[in-house]
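Visitor: Let me begin by handing over the structure; questions about it come next.
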Amino acid sequence: MGAELLVPAQAEADDVVLSWEGEDVLAVRLPQLSESLDHILVAMERRHGMPLAELDRKAKQEVVRLLEARGAFAVRHGVETVAGALGVSRFTVYNYLNRETALNREKAAKGE
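Position in the sequence shown (first residue = 1) + 12 = the numbering used here.
Written out as structure tokens, the structure is:
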């Protein structure tokens, strides 16, 4: 996940300090969510074997669906970051998200 290990003396307020038998032994600095989104996008490019911007529309819709499931759009500027990686506009990403929501509602109505 991209965490950084530190000696406890270097820990800041947002870091997680791990203790063993009452003694602080290690601090873990977790990456910011926006950095995690970048890591996820790089992993998806590796998985597809090409830049996400070169994927066809259907593949881009699938990427957006997977990113939504992983909470990518809860991150500040998540839509903008994903749109840039996909080579589409924010409007297009929102359309993909709305399409997925409509499909899920339709499936639920049919009992699937």
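We put the CB at the ideal spot given by N, CA and C, even for glycine.
All values reported here derive from a predicted model rather than from experimental measurement.
Could you check whether the region 23–38 touches the region 64–73, counting it as contact only if at least three pairs of C-beta atoms, one from each stretch, sit closer than 8 Å?
Guide: The region 23–38, when compared against the region 64–73, does not touch it at the 8 Å Cβ threshold.
Visitor: For S48, write down the residues that DSSP places opposite it in a beta bridge.
Guide: The partner list for S48 (beta bridge, DSSP) is empty, contrary to what the question assumes.
Visitor: To which residues of the same chain is D50 closer than 7 Å at the C-beta, ignoring the five residues directly before and after it?
Guide: Nothing meets the Cβ criterion.
Visitor: Can you give the Cα-Cα distance for A120 and E80, rounded to whole angstroms?
Guide: Whole-angstrom Cα-Cα distance: 18 Å.
Visitor: Would a C-beta distance cut-off of 9 Å place E66 and G99 closer than the cut-off?
Guide: Contact: yes.
Visitor: Classify E16 as helix, strand or coil using the three-state DSSP reduction.
Guide: Looking at E16 - three-state DSSP - the assignment turns out to be strand.
Visitor: How about V76 and V54: are their beta carbons less than 9 Å apart?
Guide: In this structure, V54 does not lie closer than 9 Å to V76 by Cβ.
Visitor: Return helix, strand or coil for V40, following the three-state DSSP convention.
Guide: DSSP places V40 in strand when its eight states are reduced to three.
Visitor: In the DSSP assignment, what residue or residues form a beta bridge with S31?
Guide: Looking at the DSSP assignment, S31 forms a beta bridge with D36.
Visitor: Which residue marks the beginning of the alpha helix (DSSP H) containing Q73, and which one marks its end?
Guide: Segment R69 to A81, the alpha helix (DSSP H) holding Q73.
Visitor: DSSP state of V87, grouped into three classes?
Guide: Reduced to three states, the DSSP call for V87 is coil.
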